[in-house]
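For reference, the structure is listed below as structure tokens.
Residue numbers (my numbering): 163 to 435.
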């Protein structure tokens with residue numbers, strides 16, 4: 163069954179308009195509050211150091227975690243090297259894509275790659291590459307270092323080079339996020355959709371600035387909390403929240419559709435027992 167008029171908060175940023183449409187299609191009332199933006203790291207030393215290792219045949223494997231990061235890394239290297247040099251070098255080593263977005267970029271470049279299966283977490287990465295030889299590994303990072311992935315690679319006996327290319331920041335216009343925090347604090351939200359782990363700390367950063375942290379926490383506990391997948395659910399758990407559901411596939415369409423089907427029943431149980 164659809165949302166049937168439930169008020170659904172989405173913190174999605176890059177695909178905010180698409181998320182609003184998906185919610186409306188399921189008869190929900192969308193509240194869209196972009197919660198992050200990807201800011202390229204101005205210091206390019208890590209990327210250029212990676213390039214030196216790659217072009218000197220001192221890497222056996224590169225793991226790409228995001229499509230945006232893969233393309234940005236290419237842009238950085240193109241400021242110093244010939245445009246095709248990066249893709250040519252990747253064709254000579256083992257390449258791993260965490261999910262369909264970096265895989266699509268690599269296909270565009272005609273770079274053969276191993277695709278990590280859903281739900282595309284660091285655990286699936288480690289399982290996928292376990293039988294693949296190659297001790298010298300570079301990881302294209304996003305947002306922040308994935309300590310679990312790095313530790314797991316080291317435990318497999320690999321030498322790890324991390325390549326940060328962008329970091330997460332609050333959106334330039336935080337007013338929609340502030341309005342959403344107050345709506346949640348007042349009990350005017352029924353469902354919250356989380357599509358990446360950074361959304362929660364950014365949301366609570368705004369709540370703290372507005373001096374409504376306790377009210378937002380209480381409001382969130384009264385809503386249906388839907389998480390795109392295990393990594394986001396773990397971030398919720400770290401802050402004391404339990405995801406009420408994860409979709410069968412970690413995609414926005416599945417998240418909205420499956421949440422719409424279950425939201426009314428979950429909401430009834432959470433608010434009335």
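Note that beta-carbon positions come from the ideal geometry of N, C-alpha and C, so glycine has one too.
query	result
Please report the Cβ distance between residue 428 and residue 405, rounded to the nearest whole angstrom; I am assuming they are in contact, meaning their Cβ atoms lie under 8 Å.	That pair is no contact at about 11 Å.
May I have a chain-ordered list of the beta strand (DSSP E) segments no shorter than 3 residues that lie completely inside the region 209 to 251?	223 to 226
Are the C-beta of residue 218 and some C-beta of chain D separated by less than 8 Å?	Absent from the structure is chain D; it holds one protein chain and no more.
Excluding the 5 residues preceding and the 5 following residue 297 in the sequence, name in chain order all residues of the same chain whose CB lies nearer than 7 Å to its CB.	222, 319, 320, 321
Identify, in the order they occur along the chain, each residue of the same chain with its Cβ nearer than 6 Å to the Cβ of residue 420, setting aside the five sequence neighbours on each side.	409
Rounded to whole angstroms, what's the CA-CA distance from residue 256 to residue 390? Just pull it up for me.	29 Å
What are the start and end residues of the alpha helix (DSSP H) that includes residue 284?	284 to 291
Could you name the residues that DSSP lists as bridge partners for residue 302?	226, 325
Could you tell me the alpha carbon to alpha carbon distance between residue 272 and residue 249, rounded to whole angstroms?	8 Å
For residue 187 and residue 415, what's the separation of their Cα atoms in angstroms?	11 Å
To the nearest angstrom, how far is the alpha carbon of residue 374 from that of residue 345?	11 Å
Between which two residues does the alpha helix (DSSP H) carrying residue 418 extend?	414 to 434
Going by DSSP, what residues sit across from residue 369 in a beta bridge?	Residue 369 is not bridged to any residue.
Per DSSP, which one or two residues make a beta bridge with residue 256?	223
In the DSSP output, which residue or residues are listed as bridge partners for residue 407?	388
According to DSSP, is residue 331 part of a helix, a strand, or is it coil?	strand
First and last residue of the alpha helix (DSSP H) that includes residue 262?	262 to 270
Identify the residues that DSSP records as bridge partners of residue 193: which are they?	171
Along the chain, where does the beta strand (DSSP E) containing residue 199 start, and where does it finish?	199 to 202
I'd like the list of long-range same chain contacts for residue 163, defined as Cβ closer than 8 Å, with 5 residues on each side in sequence excluded.	422, 423, 426
Out of 325, 218, 243, 229, which has the shortest C-alpha to C-alpha gap to residue 269?	229
By how many angstroms is the C-alpha of residue 182 removed from the C-alpha of residue 167?	13 Å
How long is the line joining the alpha carbons of residue 236 and residue 376, rounded to whole angstroms?	43 Å
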